[in-house]
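Written below as structure tokens is the structure these notes are about.
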Amino acid sequence: MSEQYRFVVVANRLPVDEDVDEDGKREWARSPGGLVSALHPTVRARRGAWIGWAGGTGDPPEPFDLDGMRLHPIGLSQQELDFYYEGESNATIWPLYHDAVETPAFHRHWWDAYRRVNQRFAEATAELAAPGATVWVHDYQLQLVPAMLRELRPDLRIGFFLHIPFPPVELFMQLPWRTRVLEGLLGADLVGFQRPGGAENFFRLTRTLLGLEPEADQVVFNGRAVTARAFPISIDVAEMEHLAADPHIRERAKQLSKELGGNRRLLLGVDRLDYTKGIEHRLKAYRELLAEDRLSNQETVLVQVATPSRLRVAQYRQLRERVEREVGRINGEFGEVGLAPVHYLFRSYDREELLALYLAADVMVVTPLRDGMNLVAKEYVAARTDNTGALVLSEFTGAAAELPEAFGVNPHDVDGLKEALIQALRTPTEHLHDRMRRMRAHVRAHDVTRWAKDFLEALGERDAAGP
Ligand code: ADQ
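Whatever position you read off the sequence shown (first residue = 1), add 1 for my numbering.
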């Protein structure tokens with residue numbers, strides 16, 4: 002029998018990217034980002050394994066070790082990538098769980114692929130997990146894994162965390178395979194959501210679909226207690242503060258401000274190019290403020306960084322076209338030679354450049370129509386170690402509940418959004434300091450390490466007190 006592990010993380014993606022060096026040699030490197038930095042020490046300390054897709058199609062690479070983790074790749078065929086990942090995960094579940102801001106599509110062949118791929122993940126996990134091991138399954142692509150794994154390995158302790166919102170009953174009920182999904186989640190011992198509302202929706206559904214009455218934060222299903230609770234995710238605050246103190250990055254921030262026009266106040270948006278992020282609403286508000294002369298291109302500039310995302314899905318390609326048309330329109334109408342009102346950057350940045358942008362920004366504009374948490378808001382707050390800067394934050398993000406000192410907005414209310422932008426730009430510095438200090442204190446006390454520890458403690462894992 003192959004080697005087994007006492008702690009296993011299961012996520013759609015492995016926490017690695019493949020780099021090809023100058024000589025064409027392929028090498029794996031740990032990917033950046035909060036989830037990986039939170040889980041890496043946890044997995045390493047337990048000499049654990051991580052199961053996930055390594056990217057690409059066809060035969061998966063052999064399992065390998067990296068930075069103290071055992072990585073076990075799952076293969077996907079081109080058709081599975083189309084149906085399981087881009088179809089069921091990103092064109093059915095993603096829009097449905099985000100309040101159906103785009104219309105979800107339901108296709109039985111997508112669902113069949115989703116089931117098949119979830120079964121593959123469950124079988125690989127069953128092979129790799131030691132007797133009585135703890136398994137932590139992540140996110141909306143793998144909602145059937147807990148029950149499939151429970152069936153194969155009733156001895157395991159299984160946790161599941163959903164990174165995106167869990168929708169109200171009325172929306173979830175549209176899903177043709179709603180009972181299967183709910184039963185999939187109920188295979189876990191602990192189901193974690195970003196917000197208490199997610200757990201409330203979950204219990205409403207167990208009542209409506211399965212007639213299960215919750216008691217406190219538990220229901221009993223097939224003779225087992227299943228707990229559902231909120232565990233708001235966070236960021237690696239230490240990493241942010243470390244980068245924010247780096248003299249090269251501080252210098253780069255100064256240079257960016259200068260290049261953007263010296264004294265112009267900088268408004269910043271940083272998002273995956275996704276229709277849930279409210280990028281169009283933000284641009285519309287900014288355009289109207291320029292048109293009404295309430296903001297001047299001489300005095301302010303908007304930088305929108307948009308990470309390319311899911312471009313094989315039609316709705317994402319259409320969004321890209323709409324956003325780029327609007328940016329062109331604003332720059333055409335209100336720009337001058339050498340002075341553009343909107344700088345639109347369609348690319349991914351490394352952490353250093355992102356930090357420099359956070360440090361240069363006077364106002365961070367975060368306007369999702371729905372977002373499980375939104376880490377960008379927390380990253381900006383953590384980076385502002387001198388307590389300067391302002392955060393405009395949609396009330397439809399998970400982060401809004403934790404950061405009441407932000408300038409809260411309903412992004413559907415364009416006039417309200419315009420007011421919030423003006424207010425963020427005009428509020429006296431000492432008041433901004435006060436708001437930022439409180440937000441920073443909250444984020445520092447609730448970082449991603451604490452999130453992982455809280456979840457694993459609630460799951461009842463024996464060494465959760467470790468890193
Ligand atoms: P996302 O929808 O991807 O995450 P978010 O929480 O904002 O949204 O995380 C994005 C991450 O990507 C941030 O760490 C950010 O710094 C980084 N990023 C964004 N644009 C970038 C760019 N151009 N270059 C480099 N890095 C960039 C999902 C859910 C969220 C939830 C997280 C974690 O949708 O609601 O907060 O998972 O659970």
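Just so you know, even glycine gets a beta-carbon here, dropped at the ideal spot from N, CA and C. Predicted model, so just to flag it, every value in this text is computed and none were measured.
Short note on residue 395: C-beta not closer than 7 Å to any heavy atom of ligand 1. Pairing residue 420 with residue 220, the inter-Cα distance amounts to about 45 Å. The segment 192-202 and the segment 115-131 do not touch, with fewer than 3 CB-CB distances between them shorter than 8 Å. Per the Cβ contact rule, the segment 259-277 is in contact with the segment 360-376 (3 or more Cβ pairs under 8 Å). In the DSSP assignment, residue 120 falls within the alpha helix (DSSP H) that extends over 109-129. With contacts defined by Cβ atoms closer than 8 Å, residue 49 and residue 70 form a contacting pair. Close CB contacts of residue 262 within its chain, under the 7 Å cut and outside five residues either way in sequence, are with 302, 340 (chain order). Straight through space, the alpha carbons of residue 297 and residue 343 are spaced by roughly 12 Å.
Residue environment: residue 348 is assigned as exposed (fewer than 16 neighbouring CB atoms within 10 Å of its CB, all protein chains considered). Listed in chain order, the non-local C-beta contacts of residue 314 below 6 Å within the same chain comprise 87, 91, 92, local neighbours out to five positions each way being set aside.
As DSSP reads the structure, residue 272 sits in a beta bridge with 307. Using a Cβ distance threshold of 8 Å, residue 407 and residue 392 count as a contacting pair. By alpha-carbon distance to residue 226, the top candidate from 3, 328, 217, 232 is 217. If only uninterrupted alpha helix (DSSP H) runs of at least 4 residues are considered, those enclosed by the segment 280-304 are 280-292. For residue 393, there is no enclosing alpha helix (DSSP H); the residue is found in the beta strand (DSSP E) stretching over 391-395. Between ligand 1 and the CB of residue 375, the shortest heavy atom gap is smaller than 7 Å.
If you draw a 10 Å sphere on the C-beta of residue 142, you find 16 or more other C-beta atoms in it, and that means buried.
Proximity to residue 99 across 122, 163, 371, 375 peaks at 371, based on C-alpha coordinates. Going by C-alpha positions, residue 440 is about 42 Å away from residue 5. Secondary structure at residue 350: coil, using DSSP grouped into helix, strand and coil. In the three-state reduction of the DSSP assignment, residue 178 falls in the coil class, being assigned neither a helical nor a strand state. Judged by the Cβ position, residue 308 qualifies as a neighbour of ligand 1 at the 7 Å threshold, a heavy atom of the ligand being closer than this. Listed as beta-bridge partners of residue 9 by DSSP are 50, 136.
With respect to residue 180, residue 210 sits close: the two C-beta atoms are nearer than 8 Å. A straight line joining the alpha-carbon of residue 280 with that of residue 3 spans about 48 Å. Within 7 Å of the C-beta of residue 53 there is not a single heavy atom belonging to ligand 1.
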